[in-house]
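Everything in the sequence shown is counted per the numbering used here, starting at 1 for the first residue and increasing by one.
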Amino acid sequence: MLQTLVLTGANRGIGLELARLFTADGNRFVHACCRRPDEAAALQELAGDHAGRLAIHALDVTDAGSVADLASATGSAPIDLLLNNAGILNPRQTLDDLDFEAWETELQVNTLAPMRMALAFRAKLRQASNPRIVTISSQMGSLARPKGGSYAYRSSKAAVNKAMQGLAVDLAGEGICVVAMHPGWVRTSMGGPEAEIEPVESAKGIFAVATSLTLDDSGRFLTWDGREHAW
Ligand SMILES: NC(=O)c1ccc[n+]([C@@H]2O[C@H](COP(=O)([O-])OP(=O)(O)OC[C@H]3O[C@@H](n4cnc5c(N)ncnc54)[C@H](OP(=O)(O)O)[C@@H]3O)[C@@H](O)[C@H]2O)c1
1 MLQTLVLTGA
11 NRGIGLELAR
21 LFTADGNRFV
31 HACCRRPDEA
41 AALQELAGDH
51 AGRLAIHALD
61 VTDAGSVADL
71 ASATGSAPID
81 LLLNNAGILN
91 PRQTLDDLDF
101 EAWETELQVN
111 TLAPMRMALA
121 FRAKLRQASN
131 PRIVTISSQM
141 GSLARPKGGS
151 YAYRSSKAAV
161 NKAMQGLAVD
171 LAGEGICVVA
181 MHPGWVRTSM
191 GGPEAEIEPV
201 ESAKGIFAVA
211 TSLTLDDSGR
221 FLTWDGREHA
231 W
């Protein structure tokens with residue numbers, strides 16, 4: 001049976017490579033979400049190349065109405081995998097230039113949205129045979145790495161890690177596996193040109209991990225290449 005995936009932030013960066021990989025694997029149907037489908041040229045091209053296997057949806061993950069509309073638009077079929085990939089990193093995060101308003105937005109996108117998506121798709125995930133929620137977090141949220149700066153980003157990813165750990169406990173009884181992942185330091189507009197790996201390498205690793213998860217893995221924080229990451 002076709003495995004169904006909901007993917008956020010699918011129009012560029014790691015998300016676009018994930019959309020490409022999951023669509024290339026003939027066994028999947030991808031609900032690829034982005035804020036502005038009209039401007040998502042690469043995603044539209046992918047949909048054209050794989051007719052009937054990828055649907056593009058408009059989604060702003062910070063907008064509860066938009067998330068609810070997406071949940072309706074994806075129909076009543078089970079969802080096998082929810083991949084919370086959308087994220088932001090605001091550059092104004094030093095002690096001398098701390099933007100509190102931007103910090104709140106970062107919490108909305110990086111922390112609250114994955115929870116909102118999880119709740120919106122909980123019932124459809126429950127219907128799948130091996131349902132999984134994978135949230136792309138960051139090593140920058142790890143409490144095991146004492147670093148300064150990037151206050152908003154670090155705290156938003158630390159918070160989503162804790163939220164996913166709790167969700168793993170609460171959804172275990174429903175058979176839903178929940179993990180957080182660090183995608184590597186990736187050459188996207190967020191990671192910058194100095195980053196260590198290409199988006200496709202990160203996406204290949206995330207694909208391999210996400211497609212092999214079972215309920216026994218729930219509550220783990222993993223790297224893109226399948227290693228355990230310290231919380
Ligand atoms: N790159 C790295 O080195 C790195 C390292 C650790 C973790 N991560 C995490 O990996 C994930 C993907 O990052 P990336 O490097 O691929 O970043 P990216 O190239 O900047 O892409 C970010 C994606 O998130 C989407 N997004 C942002 N705000 C959104 C919103 N309100 N609603 C819906 N979509 C929204 C963007 O859509 P628009 O095009 O509409 O803005 C874009 O598709 C993020 O969660 C990031 O925190 C990245």
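Glycine included, C-beta positions come from ideal geometry on N, C-alpha and C.
Residue i burial status per 10 Å Cβ neighbour count (16 or more: buried)
i	result
N11	buried
R20	buried
V169	exposed
R227	exposed
S76	exposed
N84	buried
F100	exposed
S189	exposed
S218	buried
Collapsed DSSP secondary structure at residue i in the structure displayed
i	result
M190	coil
L5	strand
L213	coil
L95	coil
L82	strand
A77	coil
T223	strand
L112	helix
Closest Cα partner of residue i within the set the options
i	options	result
T214	L2, D80, R53	D80
V61	I176, I88, D38, L54	I88
T4	E39, L43, P78	P78
L46	W103, F29, A118	F29
A159	C33, L171, R35, S138	S138
D63	D38, T23, R116, S142	R116
L43	N27, T8, V67	T8
M140	I133, V67, S155	S155
L112	F22, K157, M190, S142	K157
Any non-hydrogen atom of ligand 3 closer than 6 Å to residue i Cβ
i	result
R28	Among the ligands present in this structure, namely ligand 1, ligand 3 is not found.
Notebook entry, point to check: Should the region 149-162 be regarded as contacting the region 92-103, the criterion being three or more beta carbon pairs within less than 8 Å?
Noted result: Yes, the region 149-162 touches the region 92-103.
Are three or more beta carbon pairs between the region 194-213 and the region 100-117 nearer than 8 Å? They do not touch, by the three-pair rule.
Quiz item: For the 8 Å Cβ check, are there 3 or more pairs between the region 37-53 and the region 70-84?
Solution: No: fewer than three Cβ pairs fall under 8 Å.
Report yes or no: do three or more beta-carbon pairs, one from the region 12-31 and one from the region 200-207, lie closer than 8 Å?
Verdict: yes, contact present.
- Query: Would you call the region 139-147 and the region 189-196 touching, i.e. three or more CB-CB distances under 8 Å?
  - Reply: Judged by pairs of C-beta atoms under 8 Å, the region 139-147 does not touch the region 189-196, as fewer than three such pairs exist.
Are the region 216-231 and the region 34-42 in contact at 8 Å, needing three or more beta carbon pairs? By the C-beta criterion, the region 216-231 is judged not to be in contact with the region 34-42, since fewer than 3 inter-stretch pairs fall below 8 Å.
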